[in-house]
Every structure is written in C-alpha cells, then in structure tokens.
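These notes concern the structure reproduced below.
There are 2 protein chains.
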Amino acid sequence: MEIGKNIQRVDGPDKVSGRAKFTADLVPAGALVAKIVHAEIANGWVESFDLSEAQAVDGVTHIFTCFDAPDIPYPTPGHPWSVDSGHQDVMDRTLLTRRVRIYGDDIAVVIARDTVAAERAVRLVRVQYRELPPILSTDEALASTGEPIHENCPGNLLKRHEVNDRNYAAALAAPDTVTVTSSYQTQQVQHCHIENPISFAYMEGQRVTVVSSTQIPHIVRRVVGQACGIPWGKVRIIKPYIGGGFGNKQEVLYEPLNAWLALQTGKTVLLDISREETFQNTRSRHPIRFNCTAIVNPKTGRLLGRECLADSQQGGYASHGHAIVANAVTEFRQIYLDELGHHAVASTIYTNHGTTGAMRGYGIPQSAFASECLMDDVALAIGMDPLEIRKLNCMPLGFVDAFTNMTCRSSGLLACMEKGAAYIGWANKRIEYANQTADLRRGVGMSIFSYKSNVYPISLETASARIIMNQDGTVQLHLGATEIGQGGDTVFSQMAAAAIGIPTEDVNIVSTQDTDVAPFDTGAYASRQTYVTGKAIKDVGEALRENIFAFAAYLKNTDSEGMDIQNRHVVKGGKPLVSLADLAMNAFYDLNHSRHLTAEVTHHCTDNAFAFGCCFVEVEVDVPLGKIKPIKIVNVHDSGKLINPKLAEAQVHGGMSMGLGYALSEEMKYDDKGRLLNGNLLDYKLPTAMDHPELVAMFVETDDPTGPFGNKALGEPPAIPVAPAIRNAVLHATGVALNQLPMAPQRVLEAFAGAGLVKNWEEA
Amino acid sequence: MEIGKNIQRVDGPDKVSGRAKFTADLVPAGALVAKIVHAEIANGWVESFDLSEAQAVDGVTHIFTCFDAPDIPYPTPGHPWSVDSGHQDVMDRTLLTRRVRIYGDDIAVVIARDTVAAERAVRLVRVQYRELPPILSTDEALASTGEPIHENCPGNLLKRHEVNDRNYAAALAAPDTVTVTSSYQTQQVQHCHIENPISFAYMEGQRVTVVSSTQIPHIVRRVVGQACGIPWGKVRIIKPYIGGGFGNKQEVLYEPLNAWLALQTGKTVLLDISREETFQNTRSRHPIRFNCTAIVNPKTGRLLGRECLADSQQGGYASHGHAIVANAVTEFRQIYLDELGHHAVASTIYTNHGTTGAMRGYGIPQSAFASECLMDDVALAIGMDPLEIRKLNCMPLGFVDAFTNMTCRSSGLLACMEKGAAYIGWANKRIEYANQTADLRRGVGMSIFSYKSNVYPISLETASARIIMNQDGTVQLHLGATEIGQGGDTVFSQMAAAAIGIPTEDVNIVSTQDTDVAPFDTGAYASRQTYVTGKAIKDVGEALRENIFAFAAYLKNTDSEGMDIQNRHVVKGGKPLVSLADLAMNAFYDLNHSRHLTAEVTHHCTDNAFAFGCCFVEVEVDVPLGKIKPIKIVNVHDSGKLINPKLAEAQVHGGMSMGLGYALSEEMKYDDKGRLLNGNLLDYKLPTAMDHPELVAMFVETDDPTGPFGNKALGEPPAIPVAPAIRNAVLHATGVALNQLPMAPQRVLEAFAGAGLVKNWEEA
C-alpha cells in the first residue's frame, strides 16, 4: 500500500539540483519586457500623462495607459465560477485604472526590448493627478462622506452579514454567568513566497497563451478571458513549477494584463513583478478587528453564548473580499459549542491600503487568534485551566452545522490536545510558572482550531483526472490540480499508485498544467486538493483498472471476474495472469485490437470534513526588553490519514514558521500618505532560521469516512494556531494579555508598561 | 459541412509571421552544445583516440567516444513496434560506433558550453583507424569476399525475396508475343527539408525528455528507450512545429544519442545537425536498379507477364531497408494486371555509401520510373499509344491483391488519365510531335501510379484521439498524429468539426505532441494520417457528441433521442435545446453534476485504400545542349474525397517539384573513397523556382467507402509520377530512352550521342 509511505518528493531531485523549470527558465530569447507605471498617490484620479520623455527612451516599443486599456470590470479571486450571477465574485478591477485606489495602483505600462529601457521609461512617465485624501482605516472609511473608493459602494462597506444562531440574547440574560468582553486585532502581512509573480504571454493564431506562476491555471484562463473580453476558449494558461504561493497566487494577478499586452502587440511579452510590487500591488492577509464577548457558566465552565463582531480591512480592491471574514466568523462559531446562542456580525470595508486577499488559512489565523485569546481570557476569569475549558467546549464528533449541515465525521481534536499537552508538560508547567516576578519569565500556552477540507457547500467542488499508460506498464497522471511547493505531486502519485495497485515509482506525474489539455480542476486552495482531487484520482485509478482488466480478459480469452493487480501483474483468482508491461505492450501493438489504455473522469464532490489541530508553546519572556522567545513549540494535527507522513511533517514545519512570523514580527506598515513603508524583505521582518526554536510536528491519525483515503485538510492548518498559543503563553508567564499582533518588542513593552511590569521604559 | 472547404491553414498566420515555435526557438538559455566527431574513412575500424588537444579547448565539458557508449543495437526506422520479434526492424545501430560503415560515421561526441568550442574541439580529436577498402556499389558488395559491412551479414545482402504470382513461365512460353527487356536505374537523392534535424534533451527526475524535430514522436520515444537501455516510460518526446521531413524524420535519427548525452551529463544538451551532416549522416532515397521484362500480346496490347528484378542499394545501415524495395516491386506488380503471371526478385544490399531510408513515396518513385518507362517501351515496341496501353492494362476497380487481399474499392484512375490527356492535348500532340529533326523538339509523356493509404495489412495501423471541451463551446483536438508542414492540423480540425457538428474555427488543434499526454499515434508517414487518424477523429467526435447529448439530457431533464448539433446548439427534434456554450458552462460549473466534457478513443484500423494518379508532361528538348525543359506539367490525382481542395493542390505542387528535381537534376555523388561530394545545398542541385514550369494540379474526386470521409492517401503520391512522365516525353520527342536518373545534361547528351542525335559532342 502506497498510502502512508514516506516516499521522497517526486520533484525533489530536480528542485535541489536546479534542473526544475520555473517560469523564468522558460522565457524565450527576444521576449519584450513590460514594466508597470504605478500611481504615486493612494486615492484620486489620473488626469493625464506626458509620455514624451518615456517614449524617447531607446528600446521602448509601446506605452499603454489607463486611457488605452479596456474598461471591462473583472474579478480576481480564485473561486470557481458560478453560473448564477448572484454568486459571482465582485468585479471591481480593470487592467489599468484611472481611478487610483491604492498607492501604487496600475495606471500605465511600458514595453521595451529590455528591462533597463523599460524601467528607465517608467521613471520618465509624467502623470497629472487629482488627489483625494487617503482613507487609511476601517473607521475612517465607514465614516467617510467624501467620494467613495468604489463609486458603486457608498460608505465603503463592501459587505456586512449577521449570524443569529439560536438565542444569544438568552445567554446574555442568563443568571449567574461571567461575561468576558475583549477586542483582538490582527495585522496585515504578506505571503512572501520566494518566487514573485511572473508570467509571459504570446499569441498562437488568434489565441493567447500565458505561462504563469499560479496556483489556479484553469481559473486564470477564465479571468483572462473575462478581463480581455475574449472567449475563454481563446486563452491558454501554462503553469510550470512555482516557487510558492500561499494563496497570493490563488488570485488572478497580472495574467490578464500580460495577455492583453500580447494581444495588443502580437509579441511575446514578459511581465516580471518585483518584490516591492509584490508587496504593494498583489495581496496580503486581511487585518481584522474582533470585538468579542463570551458568557460562561463559571461553575461548569460551559459557554452559554458568544458574540463576534469582526471588521475586516479590505484595502483598495475586493479580491476575495467578504469570503474571508465570513470564513473567520464561521470558524469562530463552530470551534466551540455555545449552549444557548451565538451572534456574529462581519463587515468588509474598503480602504486605500494595499489590497488583501487569500492567504494560507483564509481568515482562520485571524479568527483563531480571537477565539483562542478569548478562551484563555475566559479561563482566567473563571479560574479554569485553559486545556480543560477547551476540552469541555470544543466541537464534538458528530457535530452538525445548523447552517450548512456540514458534519464532523471524524475528530482527533481531544487526542491532539492530550498529545500536545503531554509533550509540553502542560500540567506541571501551568503550576510551575504560575507566579513569576523575575525579568525572565516562562509560560505555556495553547490554542486549537478546526479547518475545512474544501469549499463545499459554499461553492462548487469538482476535479478531473486522467491516466495514460505507457508501454512498460508505468503511467502518467494528468491533473488540473497543481504542485505549488506543498508536495502535491508526490501525494497525488501515491494516491494514483494506491488506486491502480502499482508502486508510486511507476507513476509519472505531469507536473505542468496546460489548460488546453489538462483535465479541469479549480486548483490549489482551501486545502482541497488531497481531498477533492484525491477523489478524482481514486476514481480514475479504478477506471484504468477496469480498462486493464478488460484488456487482460481479451488477451487471455477469459473474463475479468476476480482480477486484481499485484506485483506489477494482473492476477486472477490470486494467480498471475499477465505482467502489466506485457499487457501494455500488447495493448499498444496488438495486431487485432490495439488500444491506448487511458482513463479520464470528473469527480463532483459533495463532501467535506473538519480537520483539527492545536499548538502548545513554551515561551521565555524578557520583560524589560519586551522580547518573547519561544522555547518549545509543537503543533499536533488531525488531518485524517496521512498520505506521506514525512511530507506532512514538512508541511507543518512551514506553517509553524509562518505562524511564528505572524505572532512576533511581521506587519505591513504605511505612512500617512498610504504608502507602504516596508515592502521588501529587508525591512519586512520575516523570521529567519535564527528566530526559530525547534519545530515539532505531531499527528493524531483518524480515518475520515469521506476522505478518499481517509485524509483531510493539511495544507493551510499549520499556520493557524501558533500566534494565539504564544499570546496565551505570554499571558501565563506575565499575566498580560497581548491582544494585538504582532507581539513585537515595542508593542509588548508598551503593554508591560501599561500593566506596571516595567517602569519609565520610554525614558530608559 | 466542413469537409471539402478551403479553410485557411490553421498554422498559417503563425508560420508566415515568424511566431510559430520550432525546436530552435525553444532551446533554453545555457544549454550545452554537442557536436559529433565523424569518421574520415568509409569502411574500417576505430582503433584509438587522442583527445588531449580537444579536451584542452576552453569550454569543453565532456567528450564521449565509441568506447564509452553502450553497445546496444537498436533499429531506427519509424515503424510501429511488433511484439513478434520476427517482424521487428533490423537492429544494426549503436549510439556511437567503432565499426565505421560510412564515410562520416558517428564515432565520438564533444560537449561544450558553446558551438564554437565544440566545433573547435571536434577538429582536434585525433583518431587512429584500421581502414578497409570501401564498397561502393551493390555489385561490389555482393561479390565482396572481405570483411562484411555488418559481421552478421556475410555477403552484404541484407535481404532478398522472390514473388511468383501465378505462372510467369507460361507468359514466357506463350506464342506470338513481343518481349521487351530493359534496365532502369534510379539515383540516391536527399529530402532537403528546410529544417535540419535538431533536438535538445534534458532530465526530469529519472526521466529524459527530448524536444525534437520529428514526424514520429511516439516511435522516437520507444527507440530512445531501446537505444539507451531504459524503460520506455522513462522517455518523453516533445515535437514542436517542424520544417519538413519527407520521411527523413520518419526515422529516429539523433534523438537516442541526444537522450544519452542528457542521461550521462544530467544537463540540457543541444544537438543541432548541420546541412552537411544531414546529407552525409541521415537518410536518402534508395538508388534501385530494375531489370525488367514485359511479355505482351502485340495484337491486343494486353500484358501477359512481367518480371522485375530489383537491386536496392542500402548504404551502411539497414534503416527501413528491405521494406522499401519490397514496396516498390509490389506496386510494380499491382499497377498493371499481367494475364498469365508475374515474377519479381527484390534485393537490398549494404554498401559503404550513405544510408538510405524512407522518403516521400517509399520506393514507388523508383518502381514507377521502372514500370512507366517499361510501359512506354512496350507501347513503342508494339506501336500502341501509351495512354491506350495503360487504360487497357491498369489496375481495375474491384482488384483484389492475391497476397494481401487488399481491395480496390474506388478508382478514378481512368478518369484521371482522361483529364490529364485532355489538359495536355495528348491525342493531337502525340501526332504533331511524332517526327521531329530540329535541335529543339517537343514531346508529351505520361505515367500512372497507385499508392496505398496506410501500411495495413503489412503492419499495425492504430491511432488515438482526444477532444477537450472549453467553457465557450469550442474544443481542443489532441492527437498523436503530427503536423509536419503538410497541412495535417488544418484537415484534422476540419474532420473534428465535421464529426462533432461545429465550425472548424471552433476547433483548436494541439499542434505540439508531448508523448507524456498525447494520445498514441504512430505518426506522419505512409500518407496514413488523414485516413487512419481521420478514423480516430471521426470516432472521438462521435464519442464527444454522445457526452454532449447526455449532458444536455440531464440539463434539460429529457432524453437524448433525436438530438443533433446545429448552429452551435444542441437541437432535439430539430428545435434548439441549448447552445453549446451554455451547455459547456453548465457542465463545468453545475453545482450538482459538474463534468469536464472530454472524449478519448483508439481506432484500430484494418482497412486500406488505393489512391491513384497520373502525370502528363510536355517537354522541349534542346538536343545539342542535352537540356530538357518541361513546358507544361499536370498531375491528376484520385485521393478520394478532398478534405481541403486548396491544401490538396498545395500538397501536389510540392510533390511535383520534388519529382522534377528527381527527374532532372538531383543526385548524391561520391568519390572513390566513399566521400559525399555534393552534400550541401549549393552543390546539390535542388530545382529552384526558375527551373519550374507552372505546376498544375487536378483531381478526380471519388468517395472511398473505407476512408473516414471518403478520403485516401495524398501526402506522398504527388512526388511519384513526374520523372517517368518526363522521360517518356523525351522518348516521344527524340526517340531516345533515358533509363537512368537524373536526366541531367551530361547524361542526356551521352545518350543522344549514343543514339546518333549529336556528334562529337565531347570535342565540342
């Protein structure tokens, strides 16, 4: 059985040897180079351009401004299309824009024969603006009476929705309760994938091809068609290996503009986005402010009701917009059971800050920060152990969501908590670190979360897969699902091997997606691929088996009753009938009945599954320095059956690192003009190897009855629980509740000063 | 109906604008460059190398000699594999060879960082040989008692076979007959495709990819596996647009060596073959000497028997070997009916000349030269009109071959002859030009031929095809069959459109074959693709229709009874039910039953069909100059139904041009060392535009019941009949029978002198 094996990454040797081909490796010689002219105001209008100096630069071949580009609004998020217009994404982008909504908005583009000429010309484009005051917070945006950021969105409120689950008022009115109210604020952070967005586009006949670093080639195809106003069948997207995405490339970023440039010029045009542009112009994680209340029975520790009021700052364009804060408040509600009722209001508000979108966890790192801070605050208020109160209130096996009917059919959540607690030495250390007064103090903290394994039933879940058999009995696995660095290709190969009954080494994955020939799949997001695409792989493996058995029956003049595949042979009644290699050779070359053995299926998925996990952290807090140092950190995950435990562990390590940066150092900072101050990897404080303790990943394997191989989500969850666990450990160590991320030294010190732990620190 | 429409070439705009991507356009920056060291003897052994000077060249990274390369014999012809080892091709090649069999044999290879370094190092490789006398004719080869060219082939006879059809002896013994015996000699010519063989190879994991200019990617995959001794599933071949092949790229030329270099170095290695190497080291048309006899009833003009003894010169390696002369003697036999019997002996003989292989017409340009010269000689001998004797004796409708059961189910041959004769003004000019004595004389000549539409039942015929539907109701057509400049992609698109019921512009052909994902098809040769692949396209179009109808039935809650596709809509009972675009959108995005609408099939083909044609020529002969000038030339073809008449016409023009060079000027010439003297496009006399009269192509459309759309072979036939028609026109003009090709001035003048038409020309 290939499931559960620590197969080495199928893309490993090529990636470590530098042989793997990324988009930049494929750019043909002689491609023209496009560079974007970005606005130097955050809010306002482009009135006119003076292009004379730019056009005079040697090597410049074309300049297109927002006055040349089509005025076709299109959406950018990587969601499956809906044929129901009421469920379609907000279309608030155009290829280039006269209406400037963020500092750095795309207002023109220069094309030249080389990068130097293009960049020189960009600097020589003169722009006349009509400037408006920048709107730089959600409160300002909601209060603004001036020109709205989008004219069809007066008041800058993109969307607000309210959830009333049973009777929250009854909880408020219940006698003998303790009520805890607090506010939690998360910050805007960037994905910081190693490879920036890069694409090049060229024409083939009347059709345009874009080779792009994306997570979602089939969705990019659709949006390029929409944005350029051409039939979707005239668009071809090719996705080579990519250097990470983390959700930023679950967005259709610059492919439409790149395609349009090829359509306009008829030439091959490269559009290579810099790191600074990636920070400023692509997407980031939504900063969300949560105002939360919990009403708890102090005797039993049971939650009676909670309220979650979440304001999410969207920045200049809708992108994934409200879906993220909606996901956040849903998880906030689902992770614990409120006995009487739950109330939530979620709002998504445009500002002139950089646009936010999908990022690993899709709102849940934010909601988990709120819900897990709140639970520790409640535990503290009623004097209960944070582990115990979670065990008591967390989502139980069999839970059915009242709104979506999504059901919890497997749960290792309690076991995860026990495993994590044991590793960290919870019980002893909660006592040991209870009362400290020294400069260096220790604490242990924890957090939990749930995470869905795809987007059903909110949206469509569908995946197609194809298998092609070779003469030697090996196969190609052909998917629309994408390897984005997460190890997808390896586990897909294992799944196909398991489904067919052959070793993983006999499966060659077609890693590059070409939308002209790849089976349709919406792509890498929502931790969906091992679950949804996994089902398609299982189906297509079974379809291929049927084809193999039918050919074996023909070849051996028998029937396919009782056939199986073992040791690279078709067996019948347990006895070898024909080797797969011989069978395949005959299938290709039989003089009476040649057949290319292939199979292709679509799996329409109407299942979903809750994955779970928790984080336990021990920190050392240097009180006078305001410095938090994680000493021990462990994530324990229930992601159902693990397809490849070693890869799962690596996935968890990466997520924990992302969580660490989110907790302690990362934050996009703006000046009062709305200009990003630290949009580069020097000033933006991504944690380095030196900032990491040993990362420990543990698993509780359950066998989910709906997962294709018992598996559930794993891609995004590891990034979720680290920040609140650290915050709660600091609370344990110091008694100070840090309710705003990141917990960087200055902010920590201010909080410690506020709590009287340090004095006169500003003078010190 | 899309069949029979003059659709513009789907690859036309990209090819004329220079946007089309050929192999050279795809070579990644930084690829290493390989150059081959060629032997400087024609027969013998490499004893040793001195590489010291070559290795010292700056930029040289590797040198591999024949002592390093694996000693795995492999075949090179582009034939379908046979699982029966008795029917497999001769395996007489190795990647590099110690045993030198042709001048220029591949004995070592230098790899360097650039072309200059590689070529410099090649010139500095010192080689010690043990030289043997070169064997430069078939007679010498058969008589040789020395070391054979291949040690397992003593006497250098690769193969000989004899055909006894009924009773040729009875014809010989028949009373009152006229017997004509003559010898006809064809020459060695080269394909002269514009793009030389070029490939580059690189590793992906344990697998090797070769991007190559080939007609037969799936066969190249297999042979690379054989030659490198690796499983075929570990090989991936990608075929971009190619600049012609004409059969030379129906051969696995340098892809195995290129793959092996990537396997050895782990690097991307380019192997770009020069024009001189293409002449010397790839393939060419077999020179065949025919000794023919015809026994005819002089009263009726009926053939009683014919004999054809054919010696084919193979050169140093087997390549397609005996298959070509076997095909030649078969067509010689089939094109006319011998009343009493037929006798043939065909021999293929190794020499140290350059290797011969497949070339447009596959032996039939040679056999047609013999059979059509012979028929004019017979007509002359009995005083009958050459047109009449052909009409009387040619293959009739309903003909069944006694050996293969191949049946003539459609024939426009007689109608072709009539159409050609009318165009050229046959009857009048045969009389008008009967007796001329001036220096400038005119004559009219003709020839006919038959040609099969694939290789069944000699070998396997199989083709697979896949269609992928897009959201806008357009489709991709995904084939293993190859566009090689002949217009295949255009007619495939028309066929798919016809099979589905949509306009051709809604079909996007996937022109590049990638053996990892392309359906299996043996490729472009034997004029098979419109016939065999056409059947697969018809089948897959029908399979897609079924899928479309099933989804329409689901969508509209009805059944698929009486559904059809008209005007981009599914209609039922003649009324529009749903547009294809709406249907496709729902298929992709239906929330209850999403399906990626695709279809994939294999067609195993057990049909074949005779295509026919003829050529009529009027020439002007300048007797004192020995110069033959075609004045008017027309090919008339019966290729069944024409898919695209304009493209068919273009195909005929190209073939006629090739026939003209074959007739008048082209010939590969060797010195007594076996060294090719004119292996370049300056010294090798390919006809230029100035050498062409207006080329006229005409058709007689039949509707073959076995062709997928009534169509039959057209790719190769146009090259066949030109040379004998010109020869016969010269015979008509001068009474001189030119029995050796090419009919270049020196040879013509010698013949005229021999016949007494010119005197003392050598002194003149």
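Going down the list, the protein sequences come from chains A and B.
End of the first sequence = 769 in this note's numbering, gap-free, step of one.
End of the second sequence = 769 in this note's numbering, gap-free, step of one.
Even glycine gets a Cβ: it sits at the ideal position worked out from N, Cα and C.
Remember, predicted model here, so these are calculated numbers, not experimental data.
- Within the same chain, Cβ atoms closer than 6 Å to the Cβ of Leu314(B) are found at Asn296 and Val350, the five residues on either side in sequence being excluded.
- Within chain B, the residues placing a beta-carbon under 7 Å from that of Leu596(A) are Leu465, ordered along the chain.
- Leu402(A) and Leu177(A) have their C-alpha atoms spaced approximately 27 Å apart.
- When DSSP reads this structure, Met474(A) sits in a beta bridge with Val480(A).
- Distances from the alpha-carbon of Pro159(B) to those of Ser149(B), Glu167(B) and Gln656(B) put Ser149(B) closest.
- Not one beta carbon of chain A lies nearer than 8 Å to the beta carbon of Gln499(B).
- Excluding residues up to 5 positions away in sequence, Pro82, Gly362 and Ala363 lie with their Cβ nearer than 7 Å to the Cβ of His325(B) in the same chain.
- Under the Cβ criterion of 8 Å, Phe525(A) is counted among the residues facing chain B.
- Pro391(B) is classed as buried because its beta carbon has at least 16 other beta carbons within 10 Å across all chains shown.
- Relative to the Cα of Asn513(A), the nearest Cα in the group Lys239(B), Ile107(B), Ala44(B) and Arg98(B) belongs to Lys239(B).
- For Met703(B), the enclosing beta strand (DSSP E) begins and ends at Leu700 to Phe704.
- Not a single CB atom of chain A sits nearer than 8 Å to the CB of Met411(B).
- As DSSP reads the structure, Gln518(A) sits in a beta bridge with Lys244(A).
- Around the beta-carbon of Phe72(A), fewer than 16 other beta-carbon atoms lie within 10 Å, marking it exposed.
- The bridge partners DSSP lists for Pro635(A) are Val624(A).
- Annotated three-state conformation of Pro650(A) is helix, per DSSP.
- For Thr603(A), the chain B residues whose C-beta falls within less than 7 Å of its own C-beta are Glu605, listed in chain order.
- Bridge partners of Ala586(B) according to DSSP: none are assigned.
- Taking 7 Å as the cut-off between beta carbons, the residues of the region 475 to 496 of chain A near chain B are Asn475, Gln476, Asp477, Thr479, Gln481 and His483, in sequence order.
- Not one beta carbon of chain B lies nearer than 8 Å to the beta carbon of Asp696(A).
- Interface residue (Cβ-Cβ distance to chain A less than 8 Å): Pro18(B) is classified as such.
- Annotation: the continuous alpha helix (DSSP H) that includes Tyr559(A) extends over Gly539 to Leu560.
- Under the Cβ distance rule, Asn591(A) counts among the residues neighbouring chain B, one pair being separated by less than 8 Å.
- For the region 82 to 93 of chain A, residues whose beta-carbon sits nearer than 7 Å to a beta-carbon of chain B comprise Pro85, Trp86, Ser87 and Val88.
- For His608(B), the uninterrupted beta strand (DSSP E) run begins and ends at Thr603 to His609, by DSSP.
- Neighbours of Ser217(A) across chain B, judged by C-beta separation under 7 Å, do not exist; the nearest C-beta is about 18 Å away.
- A residue is called buried when at least 16 other Cβ atoms come within 10 angstroms of its Cβ; Thr353(B) meets this threshold and is buried.
- With a cutoff of 8 Å on beta-carbon distance, Gly249(B) and Glu282(B) are scored as not near each other.
- With a cutoff of 8 Å on beta-carbon distance, Leu482(A) and Ala501(A) are scored as near each other.
- Against chain A, the beta carbon of Met96(B) has no neighbour under 9 Å; the closest one sits roughly 17 Å away.
- Here Leu418(B) carries a helix assignment [DSSP, helix/strand/coil].
- The Cβ of Asn513(B) sits closer than 8 Å to at least one Cβ of chain A.
- Secondary-structure assignment with DSSP links Ile300(A) through a beta bridge to Thr184(A) and Gly310(A).
- A Cβ of chain A is located within less than 8 Å of the beta carbon of Ala34(B).
- Inclusion of Ile638(A) and Val753(A) in the CB contact set at 8 Å is not warranted, their separation being larger than that value.
- For Leu392(A), the enclosing alpha helix (DSSP H) begins and ends at Pro391 to Asn398.
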